[in-house]
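Working notes, structure below.
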Amino acid sequence: MSILVDENTKILVQGITGSFGGRHAQLSLDYGTKLVAGVTPGKGGQKFADQVPIFDTVAEAVAETGATVSAIFVPPPFAGDAILEAVDAGCDLVVAITEGIPVIDMMRVRAAMQGKKTRLIGPNCPGIVTPGLGKDSHGGCRIGIAPGYIHKRGKVGVVSRSGTLTYEAVWQLTNLGLGQSTCVGIGGDPINGTTHLDVLKMFNDDPETEAIIMIGEIGGSNEEAAAAWAKKNCKKPIAAFIAGATAPPGRRMGHAGAIVSGGKGTAAAKIEALRDAGIEVAKNPSDMGQALVRAMG
Amino acid sequence: MNIHEYQAKELFEKFGVPTPKGRVAGTPEEAKAAAAEIGSNIVVKAQVHAGGRGKGTFKNGFQGGVHLVQTADEAADIAGKMIGQVLVTHQTGEEGKLVNKIMVADAVDIEKEYYLAILMDRESRSPVIVASTEGGVNIEEVAAETPERIFHQAVHPLLGLQAYEVRKLSAKLGFGGDQAKQFGKLLSALYRLFIECDCSMVEINPLVTTPDGRVLALDAKFDFDDNALYRHPEIAALHDPTEEDPREVEAAKYHLNYIGLDGNIACLVNGAGLAMATMDIIKHCGGEPANFLDVGGGATQEQVTNAFKIILGDPKVKAILVNIFGGIMDCDVIAKGIVAACKEVDLNIPLVVRLEGNNVEAGKRTLAESDVALISADTLADAAEKAVAAIAA
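Chains Y and G are the protein sequences, given in the same order. So the first sequence is numbered by the numbering used here: it starts at 1 and just counts up by one. So the second sequence is numbered by the numbering used here: it starts at 298 and just counts up by one.
In structure tokens form, the structure reads like this:
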């Protein structure tokens, strides 16, 4: 098992005819992911890479292909609408890769999703990878923009707010011989669909996952909430890293949500909360893989 | 993005948030004309993006960035001492900020000061109104010492501000009769402004009542959602690049995410999380990062070259650490960018490069075969240690 998606999950890509979306759709196909449909309004009836049918609407794509997950590569002004279209079409999971969506749009999207069955991951995230069993983890489910080959199928659950820092962690794990069950990038925006805590609960319930690595950064109190829950409820060893200990207060560090404001959201407070919960905190970003080894005892 | 006080005032006027009469001036003559319109009881305020102006000192020795005067001639005199001068406050740092404009406004008599703000709250995923009976002071101190005097009201993102929510806050602040009505109108206008302009924060400190019964916003601080500026060209136009670090302004031209810091090891990284982590590991190894720099996921050779130029424009920089995890991005493209940049900028300080990921072998070969003197590193820790050692040597 894995969480959220596995090698049989059928996905569709909204914005498949854009250069960014198209490039990563192709990489997912190359990885062996069951990419069954694309959606671009006005381009219904065409095919992507001579094999994937394109539809005008998500509803049609879902009805025709049985896709249950949508990856969103739509530009920021239209991304909120695209997410809501996938929710309306009854997708189980929507993964929003788009960076730069206005916060007010996301606030409204989240409020409109209340009571719906769809889970949102992102926005401004690298996506999800459940590695496959083939060479360089081929045959897995790759949704988003992460490099597939750095992964290895295994028993470590990875959850992170960042992109390349997650690749760094995954690469350290793979080089230590520690494979991953699922890697989830929850994104760097202040309002997103799924939190560290949500993913931690899923990993805790997943029989395949035996240990968890959680990568956070300054801003908000997502990591503290996850730590407080883990202290009482998590049955599995956890390692963590928090980026941004040296970031100046009041400045946004690239990610819209990575800011220390009013003395809140500091790396020090997060690290203290994690340690208090018995979580092994990596001393530096080079130590993430080893921290997990220590956590596993 | 932040804006000046006079620009905030103009936005308030547009949305119907009552403020005292005032005008911006760029010369003593303009200040005199503006002051003549107001009459007497005039406040002259230096326009910079920093708090603590009243207690600040100009580098020419003139005390205070906020002055009360009675006549138009006095206003012109004060304006002459502020415009073109550098004001240092506890928020500007030692270098201070150049005052290009001043605001001349009606100095209203104050009966009582309050605090009112609306901010985008990430925990409740909704706008939250924050109000307090303690205004004109640092709200974080109020929160720490007398939290019972701060009131919060979350607003439903889809319903918007409800009349009962306004009444509830009004009652908590102790407004009655006509002042309750005025406060209600002011708050409704402020909420509309917050939503329609995609603010992430708007803060009025102080909100005041006057002896003649008016409720007015005396000061304003805005923060706008940068992601939403594309749909507000009129707000984007309020951006004042002279208020920012010139290196950051330059970096923005090339779509580089750069933030200047005080250390001497510059870093160039792809991805914001990894860029923060790289700063952290430099510090962990005993060094000090000179900057945050995220070149993004699909950096071009031109971007890498410009990133090098910006980094080297900082005289404090004594070494450079390049840390690239080429997930999808081809490491060889980055390597070629580094080689081209080094030739163009005539690099004369130690350069440590750590490449990992896609096509890394070709990238390392490109670097090794070039005549660029660089120190190559295998892991993040190795790179940071080598950069710190290069400076110590």
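Backbone N, C-alpha and C fix where the C-beta goes; we use that ideal spot for every residue, glycine too.
- Secondary structure of Gln476 (chain G) (DSSP, three-state): helix.
- In the structure shown, Glu682 (chain G) adopts helical secondary structure according to DSSP, grouped into three states.
- In the DSSP assignment, Phe519 (chain G) forms a beta bridge with G:Val499.
- Fully contained in the region 91 to 173 of chain Y are the following beta strand (DSSP E) runs of length 3 or more, in chain order: 93 to 96, 119 to 121, 127 to 130, 141 to 144, 153 to 160.
- Among the residues of chain G, none has a CB under 8 Å from the CB of Leu197 (chain Y); the nearest is roughly 12 Å distant.
- The three-state secondary structure of Thr57 (chain Y), taken from DSSP, is coil.
- With fewer than 16 other CB atoms across the displayed protein chains lying within 10 angstroms of its CB, Glu408 (chain G) is exposed.
- Under the three-state reduction of DSSP output, Ser221 (chain Y) falls in the coil class, being neither helix nor strand.
- Assigned with DSSP and collapsed to three states, Gln600 (chain G) falls in helix.
- Only exposed fits His453 (chain G), as fewer than 16 other CB atoms lie within 10 angstroms of its CB.
- Ala322 (chain G) is bridged by DSSP to G:Ile399.
- The residues Lys10, Val36, in chain order, have a CB closer than 8 Å to that of Gly66 (chain Y) in the same chain once the five nearest residues on each side in sequence are set aside.
- Per DSSP, the unbroken alpha helix (DSSP H) holding Asp629 (chain G) starts and ends at 628 to 642.
- Asn284 (chain Y) has a beta carbon lying within less than 9 Å of a beta carbon in chain G.
- Nearest in C-alpha terms to Ala678 (chain G), of all of Y:Tyr31, Y:Val69, Y:Met288, is Y:Met288.
- When the alpha-carbon of Val499 (chain G) is set against those of G:Leu413, G:Phe480, G:Phe519, G:Ala604, the nearest one is in G:Phe519.
- Using a CB distance cut-off of 9 Å, Pro424 (chain G) counts as an interface residue toward chain Y.
- Here DSSP, grouped into helix, strand and coil, assigns Gln304 (chain G) to helix.
- Selection G:Leu395, G:Gln382, G:Met400 evaluated against Val366 (chain G) yields G:Met400 as nearest (Cα-Cα).
- Sequence-distant Cβ neighbours of Ile121 (chain Y) in its own chain, meaning closer than 6 Å and more than five residues away, are Val95, Gly193, Thr194.
- DSSP, reduced to helix, strand and coil, places Gln46 (chain Y) outside both helices and strands of the structure shown, so it counts as coil.
- The beta carbon of His529 (chain G) sits closer than 7 Å to those of Cys494, Asp495, all from its chain and outside the five residues before and after it, given in chain order.
- For Asp522 (chain G), the nearest beta carbon of chain Y is closer than 9 Å to its own beta carbon.
- In the assembly as shown, Ser19 (chain Y) is an exposed residue. Its beta-carbon has fewer than 16 other beta-carbons within 10 Å.
- Burial check for Ala670 (chain G): the Cβ neighbour count within 10 Å stays below 16, so the residue is exposed.
- Leu618 (chain G): member of the beta strand (DSSP E) spanning 616 to 623, first to last residue.
- For Asp189 (chain Y), the secondary structure class from DSSP, reduced to helix, strand or coil, is coil.
- Taking a C-beta distance under 9 Å as the contact criterion, Asp591 (chain G) and Ala245 (chain Y) do not qualify as a contact pair.
- Spanning the alpha carbons of Val341 (chain G) and Ile375 (chain G) requires a straight line of approximately 7 Å.
- Under the DSSP assignment, Phe589 (chain G) falls outside any alpha helix (DSSP H), being part of the beta strand (DSSP E) whose first and last residues are 588 to 591.
- Around the beta carbon of Ser286 (chain Y), 16 or more other beta carbons lie within 10 angstroms, which makes this residue buried.
- DSSP, reduced to helix, strand and coil, places Phe73 (chain Y) outside both helices and strands of the structure shown, so it counts as coil.
- Taking a C-beta distance under 9 Å as the contact criterion, Phe589 (chain G) and Ala247 (chain Y) qualify as a contact pair.
- Gly349 (chain G) and Gln388 (chain G) do touch by the CB rule: their CB atoms are close to 5 Å apart, below 8 Å.
- Shown here for Glu310 (chain G): same chain residues with a beta carbon closer than 8 Å to its own, the five before and five after excluded, namely Thr316 in chain order.
- Comparing C-alpha distances from Gly353 (chain G) to each of G:Thr368, G:Phe472, G:Gly390 shows the shortest one belongs to G:Gly390.
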